[in-house]
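As structure tokens, the structure follows; a few thoughts come after it.
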Amino acid sequence: NGKVLVGSYDNGVSEFDGNTFTNYNIDNAPFHNGRQLFRGVLYDSDGNLWLGGVGYIYKYDGTTWEEYTQPMSEISSWVDYSALKQSADGTIWFCSEGPNFDGSLGYITKDKEVKTVITSMYDAYDLAMDKQGNVWFNDLYIGVLCSDGNSTKLFNSENSPLPKYEKLRISGLAVDDDDNVWFGYNNLLYKYDGTAFTSYQVPTDGVVYDLLIDGNAIWIATGTTGELFRFEDGQFESIDYTTNTQISRSE
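All residue numbers for the sequence shown refer to this note's numbering, where the first residue is 2 and numbers rise by one.
Next comes the structure, spelled out in structure tokens:
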């Protein structure tokens, strides 16, 4: 419906309808732990708002808040639900990061049950779904993983071009209309077509941080340098988003 949802590190979540910002924070929403860090944000197919916070996932239907969490035997209270995605059957998938390898992959069923698929991850950044129903996700230390809900395949230095480092720093994850899987590592953009990997060097000193599929093109946002690129037909176009753009800030 044209609304934009923006998470933050310390000020809850803001919803922008083109004219007005609505902020959800500890003053008007039942957020636990006094923490207002929200990276996982999602509108589901019914228009419900889902927020991945610290220790909890929240659902808001415009009137009532619901909260979901995993058993404390599986996670710590400071786990950060970093990404949320909805699959074709309506299931809400999540991934998380934790301070002591408490990160995990799981999902919430239509019956409101929280199921954990994988635990002992460190820093899961993002989720993506392919047309086969597989869930793709990445982990800072481990690599890129693919799960069908029952078994999981790991791509790392042993079976892919990814280097063998203590911190792989894999971030950004997307699946295009042809089911190619795209992800970033440092200033490289990787494509996996189900059989082989292809890498492209992004013309930046920054780190590939986020990806967005746009038809045959991919938008790339970098960390540390704050650059924006559009990639299509093997070519990178640098986008100057500072021109013809008005940014105002009120303290």
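Beta carbons: idealized from backbone N, C-alpha and C, even for Gly. Remember, predicted model here, so these are calculated numbers, not experimental data.
In angstroms, rounded to a whole number, what distance separates the CA positions of residue i and residue j?
i    : j    : result
D177 : A218 : 9 Å
W220 : W66  : 34 Å
T70  : E114 : 10 Å
D11  : S148 : 32 Å
E238 : G99  : 36 Å
Q236 : L190 : 12 Å
I109 : D131 : 18 Å
N139 : R170 : 9 Å
K116 : V136 : 14 Å
G150 : T243 : 42 Å
V55  : V118 : 19 Å
G134 : S105 : 19 Å
Y126 : F32  : 22 Å
I27  : S152 : 38 Å
G107 : L155 : 16 Å
N2   : Y59  : 21 Å
Does DSSP put residue i in a helix, in a strand, or in coil?
i    : result
A129 : strand
I171 : strand
D149 : coil
G53  : strand
D211 : strand
S158 : coil
D18  : coil
T64  : coil
W79  : coil
E252 : Residue placement at E252 is poorly supported in this model, since its pLDDT is 35, which falls under 50; the coordinates still yield a value, given next. In the structure shown, E252 sits in coil (DSSP, three-state: anything other than H, G, I, E or B).
N12  : coil
D124 : strand
K165 : coil
I1   : Past the boundaries of the shown model lies residue 1; the chain is included only from 2 to 252, so the question cannot be answered.
A84  : strand
Taking residue i as the reference, which of the options has the closest Cα?
i    : options               : result
E233 : G227, T226, L212      : L212
E16  : G35, P31, F39         : F39
D179 : T92, I119, G195, R170 : G195
N29  : N20, G19, Y61         : Y61
D81  : T64, G227, R36        : R36
G22  : G8, P31, F32          : It should be pointed out that residue 22 corresponds to Phe in this sequence rather than to Gly. Residue G8 is the option with its Cα nearest to F22.
I'd like the list of long-range same chain contacts for residue i, defined as Cβ closer than 7 Å, with 5 residues on each side in sequence excluded.
i    : result
E159 : none
I214 : A175, D177
I240 : L229, F230, R231
Y193 : N181, V182
Can you list, in chain order, the residues of its chain whose CB lies under 8 Å from that of residue i, leaving out five sequence neighbours each side?
i    : result
T223 : N188, V203, T205, G207, V208, V209, Y210, L229, F230
Y44  : K4, L6, L50, W51
K111 : G91, T92
Return the chain-ordered list of same chain residues with a C-beta closer than 6 Å to the C-beta of residue i, the five sequence neighbours on each side being excluded.
i    : result
D47  : none
S161 : F198
N20  : none
L85  : G41, L43, W51, G53, F95
Y264 : Beyond the ends of the chain as shown, which are 2 and 252, falls residue 264; an answer cannot be given.
Just confirm the distance between the C-beta atoms of residue i and residue j, as a whole number of angstroms; I'd bet it's less than 8 Å.
i    : j    : result
W94  : L128 : 6 Å
C96  : S83  : 6 Å
Y186 : L163 : 6 Å
Y25  : G13  : 5 Å
N157 : G144 : 4 Å
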